[in-house]
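*Asks:*
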Amino acid sequence: MLQNLPITSFVVQSNPLSLGGLAVVETPRGGPEVDVQSEADSEEEDFEIKPEDNLIITGHVEDESATMEVYVYNEDEGYLYVHHDIILPSVPLCFEWLNHEPAGGFGNLVAIGTMSNVIDVWDLDIVDGLEPSFRLGKKASKKKKTPSVGHKKSVLCMSWNKHMSHILASGSADKSVILWDLDNGTPSTVYNPFSAEVQTMQWHHKQAHGLLTGSCDKTVRLFDCRTDSLFNEWELPGEVEKVVWNHFEEYNFLASTDNGQVNYYDVRNKDPIWTLQAHTKEVTGLSLSCSCPGLLVTGSMTGELFIWDMLEGVPQKVDAKDTQVGAIVTLQMSPNSPFVVCVGGDNRENNFTVWQMENSPKVRDRFSSRGLISAESMEAEESMENVDITAATT
1 MLQNLPITSF VVQSNPLSLG GLAVVETPRG GPEVDVQSEA DSEEEDFEIK
51 PEDNLIITGH VEDESATMEV YVYNEDEGYL YVHHDIILPS VPLCFEWLNH
101 EPAGGFGNLV AIGTMSNVID VWDLDIVDGL EPSFRLGKKA SKKKKTPSVG
151 HKKSVLCMSW NKHMSHILAS GSADKSVILW DLDNGTPSTV YNPFSAEVQT
201 MQWHHKQAHG LLTGSCDKTV RLFDCRTDSL FNEWELPGEV EKVVWNHFEE
251 YNFLASTDNG QVNYYDVRNK DPIWTLQAHT KEVTGLSLSC SCPGLLVTGS
301 MTGELFIWDM LEGVPQKVDA KDTQVGAIVT LQMSPNSPFV VCVGGDNREN
351 NFTVWQMENS PKVRDRFSSR GLISAESMEA EESMENVDIT AATT
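Residue numbers (full-length UniProt numbering): 1 to 394.
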């Protein structure tokens, strides 16, 4: 039951926010004298988000209450705290950060998929916001005799296209994928070759038209979004939990399943490069280091978190971590710190943690001498304009 999952999903974002407004600090009546200016300065310092801070957006469910919590994490100074939170009208199932404002320009927005069929998009620059900035989709109304727009059931996953910033993809329990045009808030393309729920997806890191999806029908599909129907597919031995592109390679992706496997594919071939029995239950967390080649982290409903080295063939286990968050519901590596991972679980007393993996001697020994590849250097590599990942599949 979702009510038993205090942390449902989160996204880690490195971009700083320009937030406005401070809580009012008052002198208590009849109480001791308070240095209002000192407390105000202290609160303002806590409220400020520095360029070196990471933002971690989490979905928190407790009983009938659902909230979005915005954490501030600073790796160098070692602090982690809730900056602000927002009460949500429905249980959050997935988040996706985006900076595309429909009116033009850049923003700090987060799209939230929920138990509803409607996607809420909130402005993170507004701390005390009561309503989303805009919504994608609409519920059907029997009274007004109007049909629903968009998905028919819960939204389970989303992925924002950073190369075509007006496009957001979403997958649903209604067995469909929708490409949304953020500029007008309407579906532009609908894909529905699925026979079960779509619960994971990711756009290709360099090619704007390549969308990878995973479904409970035990199939990974790669869509060429320049068309309405073309896709390639790979059948897996279990329901697909997560799909992740290897951003160090142009053709390769990872897919995890509910039977504990992680499979590694080259889109030009049908058979996997390797298959790893990583866990005994669902692999609900699957993430690659942003800049350390080969560093893979997996997490499972068993509560296990494993660190792997996949640089040379079938991954070798480097270390394991007891995060004490219970069954791991979600995890994600930092977008700019190669050895920082965030983990969310179902332990009500301790459902969220951030782990600096370099504190592990085994991780240091294995990866500290490995050359890091920055995002800037990856973007500066030779253009892939003449490489088509969808045309390359067989």
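All residues carry an ideal CB built from backbone N, CA and C; glycine is no exception.
1. Does GLU62 come out as helix, strand or coil in the three-state DSSP assignment?
2. What are the residues that DSSP puts in a beta bridge with PHE248?
3. For TYR264, count the other beta carbons within 10 Å of its own beta carbon; 16 or more makes it buried, fewer makes it exposed. Which is it?
4. Who are the Cβ neighbours of LYS321 in its own chain at under 7 Å, not counting the five residues just before and after it?
5. So, GLY129 versus TRP122, is the Cβ gap smaller than 8 Å?
6. Between which two residues does the beta strand (DSSP E) harbouring VAL190 extend?
7. In the structure shown, what three-state DSSP assignment does MET158 receive?
8. Can you tell me where the beta strand (DSSP E) holding ASP224 begins and where it ends?
9. In chain order, what residues of the same chain lie with their CB nearer than 6 Å to the CB of CYS225, ignoring the 5 residues before and after it?
10. In terms of alpha-carbon separation, which member of HIS100, ARG221 and GLY260 lies closest to LYS281?
11. For the segment 329–345 against the segment 308–320, do three or more pairs of beta-carbon atoms, one drawn from each stretch, fall closer than 8 Å, so that the two count as touching?
12. Indicate whether LEU80 and VAL70 have their beta-carbon atoms separated by less than 8 Å.
13. Kindly indicate which three-state DSSP category MET115 falls into: helix, strand or coil?
14. Under the three-state reduction of DSSP, which class applies to GLU358: helix, strand or coil?
15. Just to confirm the assignment: which complete beta strand (DSSP E) runs, minimum length 3, are found wholly within the segment 246–309?
16. Give a yes or no on whether the C-beta atoms belonging to HIS151 and ASN117 are separated by under 8 Å.
17. What residues in its chain sit with their C-beta under 7 Å from that of LEU372, if we drop five residues either side in the sequence?
*Replies:* By the coordinates alone:
1. Locating residue 62 in the sequence shown gives position 62, counting from the first residue. Strand.
2. As a position in the sequence shown, residue 248 is number 248, starting the count at 1. DSSP, once it has assigned bridges, lists no residue as partnering PHE248.
3. Taking the first residue of the sequence shown as position 1, residue 264 is located at position 264. TYR264 is buried by the Cβ-count criterion.
4. Within the sequence shown, numbered from 1, the residue matching residue 321 stands at position 321. These residues qualify, in order along the chain: LEU305 and TRP355.
5. Numbered from 1 along the sequence shown, position 129 holds the residue referred to as residue 129. Numbered from 1 along the sequence shown, position 122 holds the residue referred to as residue 122. Yes, the pair counts as a contact, with Cβ atoms nearer than the cut-off.
6. Here residue 190 is taken as the residue at index 190 of the sequence shown, counted from 1. From DSSP, the beta strand (DSSP E) with VAL190 extends over 186–191.
7. Within the sequence shown, numbered from 1, the residue matching residue 158 stands at position 158. Reduced to three states, the DSSP call for MET158 is strand.
8. For the purposes of this step, residue 224 is identified with residue 224 of the sequence shown, where counting begins at 1. Element bounds for ASP224: 219–224.
9. Within the sequence shown, the letter at position 225 stands for residue 225. HIS209 and LEU211, listed in sequence order.
10. Position 281 of the sequence shown, counted from the start, is the residue given in the question as residue 281. The shortest Cα separation from LYS281 among HIS100, ARG221 and GLY260 belongs to GLY260.
11. no
12. As a first step, residue 80 is located in the sequence shown; it is residue number 80 there, counting from the start. As a first step, residue 70 is located in the sequence shown; it is residue number 70 there, counting from the start. Not closer than 8 Å, so no.
13. Taking the first residue of the sequence shown as position 1, residue 115 is located at position 115. Three-state result, MET115: coil.
14. Here residue 358 corresponds to residue number 358 of the sequence shown, with the count starting at 1. In this structure, GLU358 counts as helix in the three-state DSSP scheme.
15. 252–257, 261–266, 274–277, 283–288, 295–300 and 304–309
16. Against the sequence shown, residue 151 aligns to sequence position 151. Against the sequence shown, residue 117 aligns to sequence position 117. Contact flag set, yes.
17. Taking the first residue of the sequence shown as position 1, residue 372 is located at position 372. Excluding positions up to five away in sequence, the list reads SER291, CYS292 and PRO338.
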